[in-house]
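Listed in order, the protein sequences are those of chains L and B. Residue numbers for the first sequence follow my numbering, beginning at 138 and rising by one. Residue numbers for the second sequence follow my numbering, beginning at 94 and rising by one.
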Amino acid sequence: SSHEHKLNFKKSKEVCLSYIQDAMLQKQWKRAAEFLTFYTESLEKDFSTQYMGPSEMIWRIGTEILCHHSHSSMKEFNSFTEQMKTLGVKRYLKVCLEHAFHLLCNGLIDEAYQNLSLAESWRFGEQTAIQDKEMKLIQAYRGLLDYYSWSKQKTILLEHGQDGFEDLSVEQEMHSCFRKAAVNLKEIIKIPGVWDLFVKCYVDLLEFYGDHNEARQVLNEYAYNSKFPANPNAHVYLYQFLKRHGESKKSLISALKILHDIAPSHELMIDFNTMLQKSKKRKKRRLGLEVIFAALDYAGWKENVKAWSCLARQVKQIVISEKHLDWIKQEWNSRKDWWPAFHFSRYLAKRNWQENESLSYEKAVVAGILLGKDCKYFKYVSHQGCKAQVKRFRTLKKFVNKHNPVYLRISG
Amino acid sequence: RDFNERCAQCSEVNWGLTDGGRFYCRSCHNVTERTREVVNTDFISNARIQTISKGLRKQEKTDGGCEWYVCEGFQLVLKKQAEALEALGVCPQMKDEILCNFWRRYLQKSKQAYCNRPAGETVKALSVCDSSTDVDSEPERPSLLHLSLSESEGDLQTDCSFASSTSRVSESTSVCSGSVDGSLYLMKNQREKLRMTMPMTLSFCYMALLWLREPMTLSDLLRFVVEGHIPYLNVFQHFPEKMKLCGLDLKIFCVESWPVYEEVYNKMLELAAFLDLPRFPDITDSCFLHPDMLCMKYLMEANLPDELHNWTCRVVKKICIGEADFLTLVPGNKSTRNVKYDVLAAAVIVVVLKLLFLLDDHYEWLLSDFAEESNKNNKEGGPYFEFKKWYKVIKCSLDVEQKKLDEERAKYLWRCEKPLFYSAKKKSKVLKRRQMVVNLQNQFGKLSGSVQPAEKPKPSSFQLSWSEENTDGSCFHGHSLKGILQEKCGLLTAMNPAYWLCTVKLCTEKLCGHLAHYREVDFPQSYHFVLRLFSFILRIQPSYIHDEVCVIEHKLFNKKLYKKSKYNTGLRK
Numbered sequence: 138s139s140h141e142h143k144l145n146f147k148k149s150k151e152v153c154l155s156y157i158q159d160a161m162l163q164k165q166w167k168r169a170a171e172f173l174t175f176y177t178e179s180l181e182k183d184f185s186t187q188y189m190g191p192s193e194m195i196w197r198i199g200t201e202i203l204c205h206h207s208h209s210s211m212k213e214f215n216s217f218t219e220q221m222k223t224l225g226v227k228r229y230l231k232v233c234l235e236h237a238f239h240l241l242c243n244g245l246i247d248e249a250y251q252n253l254s255l256a257e258s259w260r261f262g263e264q265t266a267i268q269d270k271e272m273k274l275i276q277a278y279r280g281l282l283d284y285y286s287w288s289k290q291k292t293i294l295l296e297h298g299q300d301g302f303e304d305l306s307v308e309q310e311m312h313s314c315f316r317k318a319a320v321n322l323k324e325i326i327k328i329p330g331v332w333d334l335f336v337k338c339y340v341d342l343l344e345f346y347g348d349h350n351e352a353r354q355v356l357n358e359y360a361y362n363s364k365f366p367a368n369p370n371a372h373v374y375l376y377q378f379l380k381r382h383g384e385s386k387k388s389l390i391s392a393l394k395i396l397h398d399i400a401p402s403h404e405l406m407i408d409f410n411t412m413l414q415k416s417k418k419r420k421k422r423r424l425g426l427e428v429i430f431a432a433l434d435y436a437g438w439k440e441n442v443k444a445w446s447c448l449a450r451q452v453k454q455i456v457i458s459e460k461h462l463d464w465i466k467q468e469w470n471s472r473k474d475w476w477p478a479f480h481f482s483r484y485l486a487k488r489n490w491q492e493n494e495s496l497s498y499e500k501a502v503v504a505g506i507l508l509g510k511d512c513k514y515f516k517y518v519s520h521q522g523c524k525a526q527v528k529r530f531r532t533l534k535k536f537v538n539k540h541n542p543v544y545l546r547i548s549g
Numbered sequence: 094r095d096f097n098e099r100c101a102q103c104s105e106v107n108w109g110l111t112d113g114g115r116f117y118c119r120s121c122h123n124v125t126e127r128t129r130e131v132v133n134t135d136f137i138s139n140a141r142i143q144t145i146s147k148g149l150r151k152q153e154k155t156d157g158g159c160e161w162y163v164c165e166g167f168q169l170v171l172k173k174q175a176e177a178l179e180a181l182g183v184c185p186q187m188k189d190e191i192l193c194n195f196w197r198r199y200l201q202k203s204k205q206a207y208c209n210r211p212a213g214e215t216v217k218a219l220s221v222c223d224s225s226t227d228v229d230s231e232p233e234r235p236s237l238l239h240l241s242l243s244e245s246e247g248d249l250q251t252d253c254s255f256a257s258s259t260s261r262v263s264e265s266t267s268v269c270s271g272s273v274d275g276s277l278y279l280m281k282n283q284r285e286k287l288r289m290t291m292p293m294t295l296s297f298c299y300m301a302l303l304w305l306r307e308p309m310t311l312s313d314l315l316r317f318v319v320e321g322h323i324p325y326l327n328v329f330q331h332f333p334e335k336m337k338l339c340g341l342d343l344k345i346f347c348v349e350s351w352p353v354y355e356e357v358y359n360k361m362l363e364l365a366a367f368l369d370l371p372r373f374p375d376i377t378d379s380c381f382l383h384p385d386m387l388c389m390k391y392l393m394e395a396n397l398p399d400e401l402h403n404w405t406c407r408v409v410k411k412i413c414i415g416e417a418d419f420l421t422l423v424p425g426n427k428s429t430r431n432v433k434y435d436v437l438a439a440a441v442i443v444v445v446l447k448l449l450f451l452l453d454d455h456y457e458w459l460l461s462d463f464a465e466e467s468n469k470n471n472k473e474g475g476p477y478f479e480f481k482k483w484y485k486v487i488k489c490s491l492d493v494e495q496k497k498l499d500e501e502r503a504k505y506l507w508r509c510e511k512p513l514f515y516s517a518k519k520k521s522k523v524l525k526r527r528q529m530v531v532n533l534q535n536q537f538g539k540l541s542g543s544v545q546p547a548e549k550p551k552p553s554s555f556q557l558s559w560s561e562e563n564t565d566g567s568c569f570h571g572h573s574l575k576g577i578l579q580e581k582c583g584l585l586t587a588m589n590p591a592y593w594l595c596t597v598k599l600c601t602e603k604l605c606g607h608l609a610h611y612r613e614v615d616f617p618q619s620y621h622f623v624l625r626l627f628s629f630i631l632r633i634q635p636s637y638i639h640d641e642v643c644v645i646e647h648k649l650f651n652k653k654l655y656k657k658s659k660y661n662t663g664l665r666k
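Here's what the structure looks like:
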C-alpha cells in the first residue's frame with residue numbers, strides 16, 4: 138500500500154475493498170467480514186457508473202463470506218439475501234435465482250421452490266421485460282423442480298403399484314407436476330444454449346407419457362440445430378434415445394458420427410467402432426479404424442483393454458485378409474513418431490505385464506503388427522507370456538512372426 | 094465592557110477594542126495594556142433565539158427548521174473545534190479571544206457582517222418583516238453573530254445588516270439548501286474574497302494556535318483531526334436540530350477527504366494576509382515551535398541519541414534559521430519564504446544524519462560496524478550508537494505502525510448517524526439506505542470474531558515512544574556518538590568527510606510548485622528510509638521533507654556551491 142497521506146472517501150473504500158479481497162483469497166473469513174462492515178457505508182454513495190458498483194460488490198462478497206464462515210447459518214444467509222433483493226431492482230431476479238441455487242445446494246428444495254415461485258410472480262414495469270432472460274431461467278428451474286416432484290411421485294406410485302395399492306391423489310398430482318414441468322422445460326430449450334439437464338428431464342417426461350415423436354424432435358433439434366453451441370452430450374442423448382427405441386444401426390451410426398468429430402475421446406467411441414467394424418460398407422469400416430486410432434491418441438485411454446482389443450481385432454483382421462493394409466499405413470503415418478514412446482515403451486511393457494495381462498496381450502498384438510517382432514514391447518511381453526506358458530501368447534508370437542513382412546510394408 | 098477609566102493621554106472615556114483584545118482610546122488612539130475580560134465566553138450558537146424574541150426573524154418553517162446563514166454554521170464549527178482544542182490543553186484564551194476576534198475580523202473583511210452595506214448590492218435585511226425596514230434607523234438591531242459583545246459596542250459593530258447579496262431570499266432557496274444563502278455561497282462570482290470552507294476552519298485554528306505560540310504544530314493538529322479528537326468530519330452533527338442541512342449545504346459542510354497539510358497551510362497564509370494581521374508574536378528559542386525545541390522532540394520520537402541535538406543546533410545556528418525574524422510569520426510578506434516548523438525541524442535532522450552518516454547505502458553501515466567493534470571494547474560509559482541496530486529497531490516499529498495506519502485508513506468510517514439528503518424527495522431513500530447499512534454492519538460485525546469496539550486512542554503528542562527502562566536495548570536516546578566522531582584540534586567532528594547534495598539546483602517554486610522533485614529510485618535507500626520515518630511522524634509526503642532538505646543544504650553549502658569546489662563529491666540531482 139502506498140504511504141499516501143491524502144485520503145478521501147472513494148480511495149478509502151477502494152483500499153478497504155482490496156483488504157477484503159486479500160482476506161477472501163486467503164480464506165480468512167472473519168477478517169473479510171470485519172472489513173466488509175467498514176465497506177458497507179459505500180452504499181450511501183452509490184452513484185457509481187462503474188461496471189460493478191458497491192451494491193453488487195456487497196452482495197457477492199457477503200454471499201461468499203456467509204457461505205464459508207463457520208458461524209453463519211442458513212437463516213442469516215436468507216435474511217442477508219432478502220436485503221440484497223431490495224437493494225437493486227435491476228438485479229432482483231438474478232439475486233432470486235442465485236438464492237434458489239444456494240438453497241438447492243443446501244438441500245432445501247421446498248424453500249427453493251417457494252423462492253422461485255415468488256420470483257416468477259414479480260412484476261416491475263419495464264424491468265420485467267429487461268430481465269426477461271433471468272425470468273426464463275427462473276421458470277426453467279421451477280420446471281426442473283416440478284420434474285423432480287413428478288419423479289418422486291412416480292416412484293411412489295410404482296412402489297404402490299407393486300404392492301397393489303392405488304393412489305389416485307398421488308397420480309393426479311403427478312400429472313399436474315408433469316404439466317407444469319413440461320411447459321417450462323419446453324420453453325427454455327427453445328433458446329439456443331446448453332440445457333443438458335433440462336433436455337434429459339423433458340425427454341424423460343415425454344417418453345413416460347409415450348410421446349416419442351416429440352422426444353425425437355426435441356433431441357434432433359438439440360443436437361443438429363446450428364444455432365445451438367456444439368455439445369457432445371446432445372449427440373449422446375440422441376444416440377441413447379435411438380438405441381432405447383431399437384433404431385437401425387444406420388441411424389445409430391449417423392448419430393455418433395458428429396460425436397466423433399467433436400469429442401474423439403468420448404467413451405462411446407468403443408461402441409461406435411464396434412458397430413463400424415461389423416459394417417458391410419467399406420467406408421464404414423475405414424471410419425471405424427480411424428475412430429479407434431483417434432480414441433487411443435488420448436492418455437485417458439492408455440489402459441483401456443476394451444479399446445485395445447477393438448483395435449487389435451480390426452488390425453489383425455486386416456492383416457489376415459491382406460486387404461486394405463494402406464488403411465493401417467495411413468493411420469500409422471501420423472502416429473509412428475510418437476506412439477512407440479507413448480504406448481509401447483519398455484517401461485510400459487513391464488508395467489502392463491505386471492498389472493494387467495489382458496491389456497498387455499492386446500497391446501502386444503498391435504505392437505507386433507505395427508512395429509514388428511523386434512520391437513521392445515512385443516519382445517518383452519511375448520517372452521514373458523511364453524515363459525508363463527500362457528497359450529495365447531504363443532499363438533501371438535507365431536502370428537507376428539508369420540506376418541512380419543507386413544510391418545515392413547507398413548512402416549516403409 | 095465597563096471600562097470606565099479615563100484615558101491617560103486625553104482623559105476621555107471613549108474606548109474601543111483592538112484585534113489583540115486591548116482597549117484603545119478612540120480619541121487619541123492610545124493603546125493600553127488592559128485587555129478586556131471576556132464576560133460571556135460562549136459563541137452564541139443560536140442567535141436566532143435572541144432575534145426571535147424580538148420578533149424580527151422570519152417564522153419557523155413548517156418542518157421545524159429555521160433560517161440560518163452559512164457563516165453561522167461555520168461559527169458553530171469553529172466553536173466546537175476551539176472547545177476540543179481546549180480539552181486537549183490549549184489555553185482558553187485561544188477560544189475566548191483570539192479565534193473569536195479572528196473570526197469577527199474575517200466576517201467584517203468579507204462583508205458578511207459587521208459592516209456597512211456594500212454599495213451597489215441590493216441587500217435583504219436580516220430581519221425579515223413584511224414591511225420593508227430601513228436598515229440604518231434601528232440602533233438596537235442585533236447582530237446575527239453576537240459574539241460576547243453587547244449590542245451597543247463601538248465601531249466594530251456598525252451596521253450589522255447581513256449582506257446577502259443579489260436576489261431576495263425567497264422560498265425557493267430553501268429547496269436548494271437548508272441555509273438561507275447556501276446557493277449564493279457557492280456561486281463562483283464572489284464579491285467577498287476568500288470564501289469560507291471546511292479546511293479553512295483548520296486554517297483559522299492553526300492561525301490562532303500560532304498567534305498564541307501553542308505547543309502544537311500543524312501536523313499535530315491535522316493528526317488530531319484525523320484521529321477524531323477535533324471535530325471536522327461530520328461536525329454538522331452538532332448543529333442544533335433546527336438548523337436543517339440539505340442540498341447545497343452538503344457541498345459546503347460535508348467533508349469527504351482528510352485535510353491536506355499544504356492546503357491548510359497555504360490558506361492560513363492567505364487568511365492572515367486577508368485579515369491584514371500584523372506581525373505575529375515572535376518565535377524565540379524558548380518557544381515550542383523553534384527548531385531547537387522541535388528537533389529535540391523529533392529526535393526523541395525517532396529514537397535517536399540526544400547528542401544529535403548539539404548538531405541540529407549547530408546547523409540551525411549556521412544557516413540562521415533560529416532567528417526570530419526568520420521564524421515569525423509576517424502576513425502578506427511575499428519576499429520571505431514562510432516557515433513550516435515541523436517540516437523544517439525534520440529536515441534539519443535529516444541533514445544532520447547525512448552529515449554524520451552520509452547515508453549513501455554504504456558508509457553508514459561501515460561506520461556502524463566500526464562502532465560495533467568499539468562497543469565490544471567499551472565497557473565503561475554508555476554504549477556507542479550503532480546505525481545498524483537503530484535501523485532494525487525503527488524499521489520493525491515503523492512497519493508495524495504503518496501497517497496499523499494503513500488498516501485504519503481502510504476502516505475509516507465517513508458517515509454518521511445524522512443522515513444527509515440533497516432534497517426532501519430523497520429523504521426516504523437515504524434513510525432506508527442508512528438503515529440497511531446499519532443492519533449489514535451489525536450482521537457482519539458479529540461475524541468478525543473477537544473485534545474490540547474501536548476505542549479512540551487517547552490523544553498524544555508522540556506517536557512513537559521509547560523508554561530507557563526497556564532492558565532490551567531498544568532505546569537509543571542515551572547512546573553516545575563517540576563511535577562516529579573523531580577529535581580534531583580539540584573539537585569533535587564527524588568522521589565522515591563527504592556529503593552529497595540532494596539536488597544541485599533548486600527549482601522555481603512558481604513554475605512547478607516545488608523546489609525539488611523526489612523520486613524514491615533516484616536516492617539511496619537509507620535516505621529514503623529516514624524520509625519515510627519522518628513522513629510517518631508528520632503524516633506528510635516524503636517529498637515535502639525532501640524539498641526542505643534541499644533548501645537547507647543549499648543554505649548550508651551556499652558558498653561551496655557557488656565556488657564549485659571539489660567538495661561536491663557524489664552530486665546527485
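Think of the CB as a built atom: it goes at the ideal place given N, C-alpha and C, for glycine as much as any other residue.
Residue i, enclosing beta strand (DSSP E) - first and last residue
i	result
Leu579 of chain B	Checking the displayed sequence, the identity of residue 579 of chain B turns out to be Gln instead of Leu. Per DSSP, Gln579 of chain B belongs to the beta strand (DSSP E) from 578 to 581.
Where residue i falls, given that 16 or more other Cβ within 10 Å makes a residue buried
i	result
Gly280 of chain L	buried
Arg168 of chain L	buried
Thr266 of chain B	Caution applies to Thr266 of chain B, whose pLDDT of 40 falls short of 50 and renders its modelled position unreliable; the value that the coordinates give is listed next. Label assigned to Thr266 of chain B: buried.
Lys188 of chain B	buried
Ile325 of chain L	buried
His382 of chain L	exposed
Asn133 of chain B	Residue confidence is low: Asn133 of chain B scores 38 on pLDDT, short of 50, so the model does not pin down where it sits. Its coordinate-derived value is still stated next. So Asn133 of chain B ends up on the exposed side.
Val644 of chain B	buried
Cys413 of chain B	exposed
Where residue i falls: helix, strand or coil (DSSP)
i	result
Ala400 of chain L	coil
Ala395 of chain B	coil
Gln376 of chain L	According to the sequence displayed, residue 376 of chain L carries Tyr and not Gln. In this structure, Tyr376 of chain L counts as helix in the three-state DSSP scheme.
Tyr162 of chain B	coil
Asn362 of chain L	coil
Gly509 of chain L	coil
Leu540 of chain B	coil
Tyr199 of chain B	helix
Ala587 of chain B	strand
Ser254 of chain L	helix
Glu214 of chain B	In this prediction, Glu214 of chain B has a pLDDT of 36, which is less than 50 and means its spatial position is unreliable; nothing more can be read from the coordinates.
Tyr176 of chain L	helix
Beta-carbon separation (whole angstroms), residue i vs residue j, contact threshold 8 Å
i	j	result
Asn396 of chain B	Val273 of chain B	About 54 Å separates the two Cβ atoms, so there is no contact after all.
His142 of chain L	Gln556 of chain B	His142 of chain L to Gln556 of chain B, Cβ: 13 Å. No contact.
Val436 of chain B	Ile630 of chain B	With 8 Å as the limit, Val436 of chain B and Ile630 of chain B do not qualify as a contact, their Cβ atoms being about 11 Å apart.
Ala439 of chain B	Tyr391 of chain B	6 Å
Element boundaries [alpha helix (DSSP H), containing residue i]
i	result
Asn215 of chain L	211 to 224
Ala486 of chain L	483 to 492
Ala478 of chain L	476 to 480
Ser149 of chain L	146 to 162
Cys314 of chain L	305 to 325
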